[in-house]
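To start, the structure itself, in structure tokens.
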Amino acid sequence: MIAVIFITARFNPVVNAQIPPEIFGDVTIQHPFSPDPLILRGMSGGSVEGSKIAGKIQTPITGVCKGFMEQKPSHKLKLVGEFKYLKLLVQGPADTTMIIKGPGGTWCNDDFDGKNPGIVGEWISGDYQIWIGSYKQHESLPYSLTITQGK
């Protein structure tokens, strides 16, 4: 089976998956994808409370909806087909938060791996919106978002 991966940056497509994506890149993947891990970059933060983005204060299992974010998602992830296991992990110089909205619901996380947010599990096919937040309003911090099929 041949895996297909497309990486796009808003208004500026990236043709070769080996080239680091532009900041705030969007991605479409199907199982299996390469390279794995896939890394997107961005700047966290904004003026909107995470609970307003999520429409709730907390999500079962994954955690509280904290932080401040932009109204528009930081990234869009399109999954072509089901993923039995997929992990999204944010890494940055300070404590960040994450909210994901998709066809199966809304998930929030704060401290999956130390001070880094992450969401792991089985994912259904569809379009997902991802917000990366900072604890202080209007604070922007660089981060990387790792997407992997590896456990």
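In the numbering used here, the protein residues as written are 181 to 331. Note that beta-carbon positions come from the ideal geometry of N, C-alpha and C, so glycine has one too. Every value quoted in this text rests on a predicted model; they were computed, and no experiment measured them.
Measure the C-alpha to C-alpha separation of residue i and residue j and round it to an integer number of angstroms.
i      : j      : result
Ser320 : Gln329 : 28 Å
Thr326 : Gly205 : 12 Å
Asp275 : Asn289 : 11 Å
Gly294 : Phe263 : 25 Å
Pro253 : Phe292 : 20 Å
Pro217 : Lys236 : 30 Å
Phe213 : Gly230 : 30 Å
Val207 : Cys245 : 24 Å
Gly301 : Pro322 : 25 Å
Leu220 : Leu266 : 15 Å
His255 : Lys331 : 22 Å
CB residue i to CB residue j, shorter than 7 Å?
i      : j      : result
Gly313 : Met249 : yes
Ile280 : Ile304 : no
Tyr315 : Gly247 : yes
Gly306 : Gly282 : yes
Ile233 : Trp311 : yes
Candidates the options: which alpha carbon is nearest residue i's?
i      : options                        : result
Ser324 : Lys252, Met278, Ala234         : Met278
Ser227 : Gln251, Gly235, Pro215, Val244 : Gln251
Assuming residue i contacts residue j (C-beta within less than 8 Å), just tell me the rounded distance between them.
i      : j      : result
Val260 : Gln317 : At roughly 36 Å, the Cβ-Cβ gap does not stay under 8 Å, so Val260 and Gln317 are not in contact.
Checklist entry - Quick check: the segment 234-250 against the segment 263-270, are there 3 or more CB pairs under 8 Å? => result no
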